[in-house]
Amino acid sequence: MPAETQRTLVLTVPDWSATAAAETHGWAAHEPVAVLRGGRIVSCNAAARAAGITTGINKRAAQLRCPQVRITGWDEDLDQRIFATGLDVLETSLARFTMLAPGEVSIPLTALARTYPSEDAAVEELLTTVTDATGWEFFAGIADSVFAAMLAARTATRVLPGQTPDFLAAQPTAALAYADAHTYGELVTVFERLGLDTLGALAQLSEGQMRTRFGTLGVQAHRLARGLPVHQPVDHVRQREHLIEVPISPPSTRGDELSFHARTAAAELFAGIRAAGFVCPSLTIELVAAGGQRSQRTWRLELMDENLVADRVRWQSEGWLAGQSAVAAEPVDEGLAEADGVCALTLAAAELLAPLEAHTSLFAQRSGYVTHTLERLQGLYGPEAVRVPQLQGGREPAETNLWTPWQQQPRPERSAAAPWPGRLPAPHPMIVDRAPVELLDRQGMSVIARPSGLDSTPVLLRLESGAQFGIVDHSSAWPVEADWWDPARAQYRVRLQVLTACGQAFLLCKEHGRWHITGRYA
Amino acid sequence: MGMSVHHAVAADPQTLREQLSRLPGVTTARELFTGPEPLPVDGMLAPVFARGGLPRGEILSVTGTLALSFACAAAAKSTREQHWCAAVDTPELAVAGLADLGIDLEHFVHVRTPPADWQRVVSILLETFDLLIIAPPAAPSPQERQRLTAKVRERRASLIALGPMPGSSESCEVSVAGWDGLHAGSGRLRACTVRVRHPRTGEHLLTWPLTPGAASVQQLPTASGAEAATCRPAHPQVQVIDGAG
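Listed in order, the protein sequences are those of chains A and B.
Per the numbering used here, the first sequence starts with residue 885, numbered consecutively.
Per the numbering used here, the second sequence starts with residue 83, numbered consecutively.
Next comes the structure, spelled out in structure tokens:
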């Protein structure tokens, strides 16, 4: 706890916006001034307050209470600018300070400890300096955290070292709004409705409860209420590598034996990960054969369950032994002779997350059974065997296709939100094809396409396989020119749709003098 | 074998009871008469199917030029209702085309297998998937076929085979009646009139509107079809159009 606290001095100018406005407009200090933001008074000076003006009322109400009040609109630039110029004096006397907001500055007291004999002397000296230089009225507050010091400064209080939690405990929950009205505003009303009236009541809850119910924001509020800095210690994920290696002797090729070893190892691995307070959504399984070949694959896990790991080890080893590894994209896969068995099994956590981050929605559509089935197929035939569709940007059917292996993050190359002028209008073909074809006219010559259209009428489509289709109708040929400003990416092609005698429609395109099929309407 | 349930309605109660006790996967008496509730299809496609939707626990074979589009269009409504659909061993599908037909891409996967293993893959997929579109690389032997049919019935999945498939309970032939919009070299493909021939519900003409946004299949507004539909709304198969028309 003491390591996390930082004794802080906060200097604040009450009603800063009003003070800044008065200074800009040259209004005297005794004149009532109020600042309006979004139709409400957000700041008013002492004279205005004496006349009955409070923050939160509207302009008409303020003028009713005090007809001579000077009202001006809120201007963030002005607030910041005036305060920054006033703070120049601090530059000369302090090594470190932080501007929290216009009108509010925090100074770590450790920075003053070497220069001043005591906190009192330091504050007195600083207050004199800044007040002399600027003419503004500063309030000072000292506490063990920045948030507590901000609250203390509102009442010009010095909280003794170690008493910050007590000081905070007496504050109302609404005080959180002083830290950041926008962020905590909604949360404060929730706390109040739950009967958590004071920060003390809030601080008594456990951090775990706050996290499960209110998420990260709740934890931050909880830390503020306990007098701790809001910045959480950096997640030291993977500080320790979670990895388990199991030698298997004698080497075995039997899936059931391997999965038995895997189950024990996974239980041990997961116990370690759970003790560290993490969950492991993906796991790397490496199998080493007696001959030195390796098979490595990373699997996603819905749950940290050793039976799931055992299944995956079995699938991976079976797939490997069945010689299907040629299909797999993993370059580390090598063929395995039936004679060698697997002599070592390594399980490593490929990803570690805080529990809440790994939580999938209750309404997530990827039900566990479907995942199980598809992963089993991936285990047998490699990750590329099961793919899910997505759309991405592009002009041709092949470009808009984005097939991603199951459980992998899709990586679109082109934005689907971009307009893509010249893209193929609906109806889209159903099948993507990339085969070169011959498109012939009545004389048996290849049809030539020009920007103005086709030179001759196509009558025959001949595929690479030798299949021939008589063409009964065709569309106009329309040119597509893309990225002409970049010679490396420039594309020029002519599109044509043809209809064959048997009712099949094809999308053709001519590029670099050759006709290709790019899509079939099937 | 899938059809025996249907014709059994006319048989006497004794035979019926015997058949009931032999049928796996029949849980209610109503199912005995109607079969399990079919998977939903888009409204305009419903009249094509004998029971107004994709038959569950049975194999549907779709043949013809536009078989793939028809199969995907039939699967679209189910994927939007959270049923998972897998396409096995089809050629590379155009995602834009799938989206045109109204398929929910979140519930669609494509599975590629070595040709020899397709039946194993199908039987693994049947464990969890409600809907499969398969393009069998080779015809199954009678034994394999029997196993496949049994598995499909047990899991109550809908299996759409692209191409002729012995053992299927329903079959459709989907051909092109005409493409609109080409205008002999001065237009582009805009819409297609599709002729679906089903041995039990007759012949249907549908238009693929294939315009962005309207991702469904609509019945061609022919005068005869529209009239017939209004006259006898109780029977979906009244949109029978004469072979000549």
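Cβ coordinates follow ideal geometry from the N, Cα and C atoms, glycine included.
One or two residues paired with residue i in a DSSP bridge
| i | result |
| --- | --- |
| F1353(A) | L1345(A) |
| K1394(A) | V1378(A), W1399(A) |
| D1325(A) | P1342(A) |
| A243(B) | S143(B), I216(B) |
| S927(A) | V919(A) |
| I941(A) | None; I941(A) has no bridge partner. |
| W1362(A) | R1379(A) |
| A1173(A) | V1226(A) |
| H1126(A) | H1126(A) is not bridged to any residue. |
| E1235(A) | S1166(A) |
| R1373(A) | BP columns for R1373(A) are empty, so no partner. |
| G1337(A) | R1334(A) |
| G284(B) | H280(B) |
| P1056(A) | T1082(A) |
| R1404(A) | I1315(A), F1390(A) |
| S1133(A) | None; S1133(A) has no bridge partner. |
Neighbour-count burial assignment, residue i, 16 or more Cβ in a 10 Å radius
| i | result |
| --- | --- |
| W1369(A) | exposed |
| S1349(A) | exposed |
| D1119(A) | Model confidence at D1119(A) stands at a pLDDT of 41, short of 50, so the residue's coordinates are unreliable and nothing is read from them. |
| Q1262(A) | buried |
| A305(B) | Confidence at A305(B) is low in this model, with a pLDDT of 35, below 50, so the placement of that residue should be treated as unreliable; the coordinate-derived value is given next. It is exposed - the Cβ of A305(B) has fewer than 16 other Cβ atoms within 10 Å. |
| A297(B) | Note on A297(B): pLDDT 36, under 50, position unreliable in the model; the coordinate value appears next. Classification of A297(B): buried, given that the 10 Å Cβ count is 16 or more. |
| C1386(A) | exposed |
| L1127(A) | exposed |
| M1329(A) | exposed |
| H1243(A) | Annotation note: pLDDT 49 at H1243(A) (below 50); position unreliable, coordinate value reported separately. It is exposed - the Cβ of H1243(A) has fewer than 16 other Cβ atoms within 10 Å. |
| I1332(A) | exposed |
| N929(A) | buried |
| T231(B) | buried |
| Q1055(A) | buried |
| H189(B) | buried |
| E988(A) | buried |
| G1161(A) | exposed |
| S1133(A) | exposed |
| N942(A) | exposed |
| P1267(A) | buried |
| S1179(A) | buried |
| Q321(B) | Caution applies to Q321(B), whose pLDDT of 38 falls short of 50 and renders its modelled position unreliable; the value that the coordinates give is listed next. Buried. |
Cβ pair residue i, residue j closer than 9 Å
| i | j | result |
| --- | --- | --- |
| Q1276(A) | P1303(A) | no |
| V1272(A) | L1323(A) | no |
| R891(A) | P992(A) | yes |
| E163(B) | P122(B) | yes |
| S223(B) | E140(B) | no |
| V894(A) | A1053(A) | no |
| P1320(A) | W1199(A) | no |
| L962(A) | A1040(A) | no |
| F1022(A) | V897(A) | yes |
| A221(B) | P196(B) | no |
| C1393(A) | R1373(A) | no |
| E1235(A) | S1336(A) | no |
N-terminal and C-terminal residue of the beta strand (DSSP E) that residue i is part of
| i | result |
| --- | --- |
| G957(A) | 954–957 |
| G1025(A) | 1023–1027 |
| A912(A) | Counting along the chain, A912(A) falls outside any beta strand (DSSP E), and DSSP gives it neither H nor E. |
| D262(B) | 252–262 |
Bounding residues of the alpha helix (DSSP H) (the contiguous stretch that carries residue i)
| i | result |
| --- | --- |
| Q1093(A) | 1091–1109 |
| D1195(A) | 1190–1205 |
| D1140(A) | 1139–1159 |
| A902(A) | 900–909 |
| T1073(A) | 1065–1077 |
| T889(A) | Counting along the chain, T889(A) falls outside any alpha helix (DSSP H), and DSSP gives it neither H nor E. |
| E236(B) | 224–237 |
| R1042(A) | Element bounds for R1042(A): n/a, residue is neither H nor E. |
| L1185(A) | First-last for L1185(A): undefined, no H or E at that position. |
| G1084(A) | 1083–1087 |
Can you check the region 960–1014 of chain A for any beta strand (DSSP E) of at least 3 residues that lies completely inside it and give the ranges in chain order? 982–985, 988–992
Run through the region 1249–1325 of chain A for me and flag every whole alpha helix (DSSP H) of 4 or more residues, listed as ranges in chain order. 1252–1265, 1281–1284
Completely contained beta strand (DSSP E) runs for the region 123–149 of chain B, where each covers 3 or more residues: 140–145
Runs of 3 residues minimum, wholly inside the region 146–216 of chain B: which ones carry the beta strand (DSSP E) assignment? 167–170, 190–193, 213–216
Note down, in chain order, all residues in the region 1344–1363 of chain A with a beta-carbon under 7 Å from any beta-carbon belonging to chain E. Looking for chain E here will not work: the only protein chains present are A and B.
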